[in-house]
Amino acid sequence: MADCRIVTVFAAKGGCGKTTVATNLATVLHDRGAYRVCLLDLDLEFGDAASVLGLRPERSMVDALVMDRLTPATVASLMTNYLPGFDCLLAPTRPGEARLIPAALVSRLLAVLPIAYDFVVVDTPSHFTPHVLAALDAADHQILVTTPERPALKNLRGTLDMLDLLPYDRAARSIVINRSDPGSDLPDEFLDALVRSPIAGRLPAWDDVPASINRGEPLAAAQPDHAVSLAIRQLAAALLQDGRCSRDPPTG
Ligand SMILES: Nc1ncnc2c1ncn2[C@@H]1O[C@H](COP(=O)(O)OP(=O)(O)O)[C@@H](O)[C@H]1O
Ligand SMILES: [Mg+2]
0 MADCRIVTVF AAKGGCGKTT VATNLATVLH DRGAYRVCLL DLDLEFGDAA
50 SVLGLRPERS MVDALVMDRL TPATVASLMT NYLPGFDCLL APTRPGEARL
100 IPAALVSRLL AVLPIAYDFV VVDTPSHFTP HVLAALDAAD HQILVTTPER
150 PALKNLRGTL DMLDLLPYDR AARSIVINRS DPGSDLPDEF LDALVRSPIA
200 GRLPAWDDVP ASINRGEPLA AAQPDHAVSL AIRQLAAALL QDGRCSRDPP
250 TG
């Protein structure tokens, strides 16, 4: 069994593309069934991973509340299956249920999920919550998403300042600029001055992304050679170069 790698995708600003990155990255890491992947939706109030994947939620994290013990077997019963080897642990379906989920449950889940999956990709809400911090703590790699506009970049810098206060390894963190457009992006020197941290990847702005969300199929699956899919693959490849995230040969 491969060691699991937990990848937490975060942005302090809504609409930057966390769910887009998380669902497409999970698709690329799944590699058409070569690896077992779990997508964990921690956007507890308004999680939309299920909707982006065209899934009807069968179960959610709420079902874990009645479990005495979390084991690979009991956690398996919480999953909504998307594809063979690709499961989703979904956010509560009713926003009011979010407050029922303690942050400690996230830590407990992230301690067990790596036993059953090669990769766990965590999607998050747009604000720091104890649940997000639990997922950042457990992550082998953190992906911070931003768009290339000044306010989002400033928020990203604020997020980095906060994360730098915590005992996280900066080498295990990637900054991704989503909806990049050479015609309107800030020149590199302005961007570098605002972010003051290396940029690991850029995902181009492309209408095919919202179209794929409306079809309920990640672009990386529907159009693997699309520029956005290629950028996600590059991101996955860079991530896998991080020793903590390198993967074993496929199982089976
Ligand atoms: N690279 C892109 N090009 C064009 N539209 C994008 C791109 N990435 C995301 N979007 C759109 O931006 C919106 C927000 O993306 P989403 O992934 O839901 O953000 P978040 O999860 O951070 O709130 C969605 O409507 C999505 O279709
Ligand atoms: Mg989202």
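In terms of numbering that gives the first Met the number 0, the sequence shown is residues 0 to 251. We put the beta carbon where it would ideally sit given N, CA and C, even for glycine.
Item                                                                                                                                                        : Value
Going along the chain, which residues of its own chain have a beta-carbon closer than 8 Å to the beta-carbon of Pro71, five neighbours each way excluded?   : Val111, Ile114 and Ala115
Within a Cβ cutoff of 7 Å, which residues of the same chain sit near Ala134, ignoring the five residues on either side of it in sequence?                   : Thr7, Leu41, Val105, Leu109, Val121 and Thr123
Relative to the C-alpha of Glu216, which residue among Thr26, Gly95 and Arg172 is closest?                                                                  : Thr26
Between Met60 and Ala90, which are expected to be in contact by the criterion C-beta below 8 Å, what is the C-beta distance as a whole number of angstroms? : 7 Å
Taking Asp40 as part of the beta strand (DSSP E), name the residues at either end of that continuous run.                                                   : Val36 to Asp40
Give the list of continuous alpha helix (DSSP H) stretches no shorter than 4 residues that lie fully inside the region 34–101.                              : 48–51 and 71–75
Is it buried or exposed for His126, if we count other Cβ within 10 angstroms and need 16 for buried?                                                        : exposed
So which residues put a beta carbon under 7 Å from any heavy atom of ligand 2, going in chain order?                                                        : Lys17, Thr18, Asp42, Asp47 and Asp122
Nearest CA to the CA of Leu190: which residue from Asp163, Lys153 and Ser173?                                                                               : Lys153
Which residue from Leu52, Arg214, Ile176 and Ser211 puts its Cα closest to that of Pro203?                                                                  : Ile176
Extract the residue ranges of the alpha helix (DSSP H) inside the region 183–229, only unbroken runs of 4 or more that lie entirely within it.              : 187–194, 207–214 and 218–221
Once you ignore the five residues that flank Arg201 on each side, which residues in its own chain have a CB closer than 7 Å to its CB?                      : Ile176, Ser179 and Ala230
Sort His29, Arg93 and Leu165 by Cα distance to Pro56 and report the nearest one.                                                                            : Arg93
In whole angstroms, what separates the C-alpha of Leu64 from that of Phe9?                                                                                  : 25 Å
Ignoring anything shorter than 4 residues, give me the alpha helix (DSSP H) runs that lie fully in the region 113–167, in order along the chain.            : 129–137 and 149–163
Out of Arg58, Tyr81, Leu82 and Phe85, which has the shortest C-alpha to C-alpha gap to Thr73?                                                               : Arg58
Have a look at Cys15, Gly16, Asp86 and Gln141 and flag the residue whose alpha-carbon is nearest the alpha-carbon of Leu38.                                 : Asp86
May I ask which residues mark the beginning and end of the alpha helix (DSSP H) holding Ala21?                                                              : Lys17 to His29
Tell me the DSSP bridge mates of Ser179?                                                                                                                    : Pro203
If I'm right that Ala235 touches Leu52 with Cβ under 8 Å, what's the distance once you round it to whole angstroms?                                         : The Cβ separation is near 18 Å, so there is no contact.
With a threshold of 16 other CB atoms inside 10 Å of the CB of Gly84, please say whether the residue is buried or exposed.                                  : buried
Under the rule that 16 or more other beta-carbon atoms within 10 Å means buried, what is Met0, buried or exposed?                                           : Residue confidence for Met0 is low, a pLDDT of 38 falling below 50, so the modelled location carries little weight and cannot support an answer.
Start and end of the beta strand (DSSP E) containing Arg256?                                                                                                : No statement about residue 256 is possible, as the shown extent of the chain runs from 0 to 251 and does not include it.
Report the residue from Leu43, Asp62, Gln233 and Leu54 whose alpha carbon sits nearest the alpha carbon of Asn80.                                           : Leu54
Please confirm whether any heavy atom of ligand 1 lies closer than 8 Å to the CB of Met209.                                                                 : Sequence check: residue 209 is Pro here, not Met. It does: the Cβ of Pro209 is within 8 Å (strictly closer) of some heavy atom of ligand 1.
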